[in-house]
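Enquirer: So the protein lines, in turn, are chains A and B.
Under this note's numbering, think of the first position of the first sequence as 75, with each following residue one higher.
Under this note's numbering, think of the first position of the second sequence as 35, with each following residue one higher.
Glycine included, every Cβ here is placed at the ideal spot set by N, Cα and C.
Keep in mind the model is a prediction, meaning the values are calculated, not measured.
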Amino acid sequence: GAGVSQSPSNKVTEKGKDVELRCDPISGHTALYWYRQSLGQGLEFLIYFQGNSAPDKSGLPSDRFSAERTGGSVSTLTIQRTQQEDSAVYLCASSISRDQETQYFGPGTRLLVL
Amino acid sequence: SQQGEEDPQALSIQEGENATMNCSYKTSINNLQWYRQNSGRGLVHLILIRSNEREKHSGRLRVTLDTSKKSSSLLITASRAADTASYFCATDTGANSKLTFGKGITLSVRP
């Protein structure tokens, strides 16, 4: 009965490297969201997956950011050629369906780009 | 731009006192939600109030919604040290159930 899990918990990388962040949603949840939270800020929406529908990518800040969701379950957020301003906590959330408004959040991945 | 904006930005109270946090938003909503975040990690859903509701209770939490003023308040009664956290309001406009979060309120409850 695990909640949303994310890995790694922390990631330190050098500027210019690519990183992959993983999210395992709650089993059976069809909706999956990625958010970014910079220090002392609110959550910034990045991307949303709902079932087999095309994802809503409207929040992705640049073409260096992409995300996949394989088999309607696990999702990977990839950041290419990381920049220092990408440093933030990346949070994943899932909900039962699009119409189920409550979102359940994972613990986040804290990314630091040196 | 932020849809939800909370105030105050920071609140410090004594254990046992009530804490009131406010949120204002700009556009029409389907519902408004309050979340809590400890230590900059994952958020925990506290309570959801729909646009046709005016008040809702859950344990020591009381949420009000005034759609004419586009504002909501979260009241935590008889606060405890364990209530120390950041609190966020989030609005759901119905567009893909995408939540828009405010910057949060830092609540400190002194033992």
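1. With distance defined between alpha-carbon atoms, name the residue in A:T152, A:S127, A:S147, A:T144 nearest to R138 (chain A).
2. Compare the C-alpha of R144 (chain B) against each of B:G38, B:E51, B:Q43, B:P42 and name the closest.
3. For a test of your reading of the model: does the CB of E94 (chain A) fall under 7 Å from any non-hydrogen atom of the ligand HEM? Yes or no.
4. On a CA-only basis, which of B:K103, B:L82, B:L108 is nearest D126 (chain B)? Give me that one, please.
5. So what's A115 (chain B) in DSSP terms, helix, strand or just coil?
6. Are the C-beta of D160 (chain A) and some C-beta of chain B separated by less than 8 Å?
7. Residues of chain B with a CB under 7 Å from the CB of P28 (chain A): which are they?
8. May I have a chain-ordered list of the beta strand (DSSP E) segments no shorter than 3 residues that lie completely inside the stretch 66-130 of chain B?
9. Can you find a C-beta in chain B that's less than 8 Å from the C-beta of F119 (chain A)?
10. Can you tell me where the beta strand (DSSP E) with N56 (chain B) in it begins and where it stops?
11. Quick check: is the beta carbon of H91 (chain B) nearer than 8 Å to any beta carbon in chain A?
12. Between the alpha carbons of E167 (chain A) and E94 (chain A), how many angstroms are there, rounded?
13. Where do the ends of the beta strand (DSSP E) carrying A44 (chain B) lie?
14. Roughly how many angstroms lie between the CA atoms of I84 (chain B) and F135 (chain B), to the nearest whole one?
15. For D92 (chain A), name the three-state secondary structure that DSSP assigns.
16. Tell me whether T61 (chain B) is buried or exposed, calling it buried when 16 or more other Cβ atoms sit within 10 Å of its Cβ.
17. Would you kindly work out how many angstroms separate the C-alpha atoms of F122 (chain B) and Y69 (chain B), rounded to a whole number?
18. Does the stretch 147-163 of chain A come into contact with the stretch 96-103 of chain B, if we say contact requires no fewer than three beta-carbon pairs (one atom in each stretch) closer than 8 Å?
19. What residue range is occupied by the uninterrupted beta strand (DSSP E) comprising V187 (chain A)?
20. Of the residues that make up the stretch 116-141 of chain A, which ones have a beta carbon closer than 9 Å to any beta carbon in chain B?
21. List, in order along the chain, the chain B residues whose C-beta lies closer than 8 Å to that of T104 (chain A)?
22. Is S35 (chain B) buried or exposed, if buried means 16 or more other CB atoms sit within 10 Å of its CB?
23. Ends of the beta strand (DSSP E) at A141 (chain A)?
24. Once DSSP output is grouped into helix, strand and coil, what is the label at Q158 (chain A)?
Expert: In brief:
1. Taking the first sequence and counting its residues from 1, one reaches residue 138 (chain A) at position 64. Nearest option by C-alpha distance: A:T152.
2. The sequence position of residue 144 (chain B) within the second sequence is 110, counting from 1. Answer by Cα proximity: B:E51.
3. Because no ligand of any kind appears in the structure shown, any question about the ligand HEM cannot be addressed here.
4. The residue labelled residue 126 (chain B) in the question sits at position 92 within the second sequence. The residue with the shortest Cα to Cα distance from D126 (chain B) is B:L82.
5. Locating residue 115 (chain B) in the second sequence gives position 81, counting from the first residue. Three-state result, A115 (chain B): helix.
6. Residue 160 (chain A) sits at position 86 when you count from the first residue of the first sequence. Answer no: the Cβ-Cβ gap between D160 (chain A) and chain B never drops below 8 Å.
7. A question about residue 28 (chain A) goes unanswered here, because the residues of chain A that appear run from 75 up to 188.
8. 77-84, 89-92, 95-100, 105-110, 119-126
9. Translated into the one-based positions of the first sequence, residue 119 (chain A) becomes position 45. F119 (chain A) counts as touching chain B.
10. Counting from one through the second sequence, the residue named residue 56 (chain B) turns up at place 22. First-last of the beta strand (DSSP E) with N56 (chain B): 53-58.
11. Position 57 of the second sequence, counting from 1, holds the residue named residue 91 (chain B). Under the 8 Å criterion on CB atoms, H91 (chain B) is classed as non-interfacial with respect to chain A.
12. Counting from one through the first sequence, the residue named residue 167 (chain A) turns up at place 93. Counting from one through the first sequence, the residue named residue 94 (chain A) turns up at place 20. Sequence check: residue 167 (chain A) is Ala here, not Glu. Approximately 17 Å between the Cα atoms of the pair.
13. To locate residue 44 (chain B), count along the second sequence from 1; it is residue 10. Taken as a continuous stretch (DSSP letters only), the beta strand (DSSP E) holding A44 (chain B) covers 44-48.
14. As a first step, residue 84 (chain B) is located in the second sequence; it is residue number 50 there, counting from the start. As a first step, residue 135 (chain B) is located in the second sequence; it is residue number 101 there, counting from the start. In the sequence as displayed, the identity of residue 84 (chain B) is Arg instead of Ile. Between R84 (chain B) and F135 (chain B), the C-alpha separation is close to 16 Å.
15. Position 18 of the first sequence, counting from 1, holds the residue named residue 92 (chain A). Coil.
16. Here residue 61 (chain B) corresponds to residue number 27 of the second sequence, with the count starting at 1. Counting Cβ neighbours within 10 Å, T61 (chain B) comes out exposed, since fewer than 16 surround it.
17. Numbered from its first residue, the second sequence carries residue 122 (chain B) at position 88. Numbered from its first residue, the second sequence carries residue 69 (chain B) at position 35. Distance between the alpha carbons of F122 (chain B) and Y69 (chain B) is about 5 Å.
18. no
19. The residue given as residue 187 (chain A) occupies position 113 in the first sequence. 183-187 is the extent of the beta strand (DSSP E) around V187 (chain A).
20. G116, L117, E118, F119, Y122, Q124, D130, S132, G133
21. Within the first sequence, numbered from 1, the residue matching residue 104 (chain A) stands at position 30. Chain B residues near T104 (chain A): none, gap ~11 Å exceeds 8 Å.
22. The count along the second sequence starts at 1 and reaches residue 35 (chain B) at position 1. Residue placement at S35 (chain B) cannot be trusted, given a pLDDT of 42 that sits under 50; what the coordinates show is reported in the next sentence. S35 (chain B) is exposed by the Cβ-count criterion.
23. What you label residue 141 (chain A) is simply residue 67 of the first sequence in a count that begins at 1. For A141 (chain A), the uninterrupted beta strand (DSSP E) segment begins and ends at 139-143.
24. For the purposes of this step, residue 158 (chain A) is taken as the residue at position 84 of the first sequence. DSSP, reduced to helix, strand and coil, places Q158 (chain A) within a helical segment of the structure shown.
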